[in-house]
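For the sequence shown, the working numbering assigns the number 142 to the initial residue and increments by one for each residue that follows.
Heads up, the beta-carbon is just placed ideally off N, CA and C, and yes, glycines get one too.
As the structure is a computational prediction, the values presented were derived from the model and not from experiment.
Accompanying notes for the structure given below.
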Amino acid sequence: MAEKTDSPPAPDAPVIDVLRGVAADGMRFVRAEIGLVRAQGTATAKRAAIAAALLAAAVLALLLVVVFLLGSGAEGLGGLLHHPWLGWLIMAGLILVVGAILGGLGYRMLRRSIAEGRRVGTTVKEDLEWVRELLKQNANGS
């Protein structure tokens, strides 16, 4: 779309026409800035989505590496004990213990977070009640 170019107003033009021209230029500037911000935001969001996908792929690759390392450890341990299934059983037991410890820690942290959230909610409610009472007192002229 071709953009129209306004010629500068004549020196004897009314002030209102000059102000209208300034306002129109300001609106065009604001629209252009909004378009620029929108384009930059879209490009940033696309880059962030690609980065997140790459990180997810890296995490998946690392998970596979851990699985293969655990498998080779189980095979090696089973070979030392002359019973391959025993190596896998020992590795499964170790993973179970680690998972139980991590799950217990996570559960305790979650319970603390919930309790802290309730305390914060109570504090906010008390503050809002205090503001309401203060507004009531000011409305009564006290």
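Mapping the DSSP letters down to three states, classify residue i as helix, strand or coil.
i      : result
Asn279 : helix
Pro155 : coil
Ala143 : Its pLDDT being 48, under 50, Ala143 is placed unreliably in this model, and the coordinates cannot settle the point.
Assuming residue i and residue j are in contact, meaning their beta carbons sit under 8 Å apart, how far apart are those beta carbons, in whole angstroms?
i      : j      : result
Trp229 : Ala215 : 4 Å
Met232 : Leu218 : 7 Å
CB-CB under 7 Å to residue i, same chain, minus the five flanking residues each way: which ones, in chain order?
i      : result
Ala189 : none
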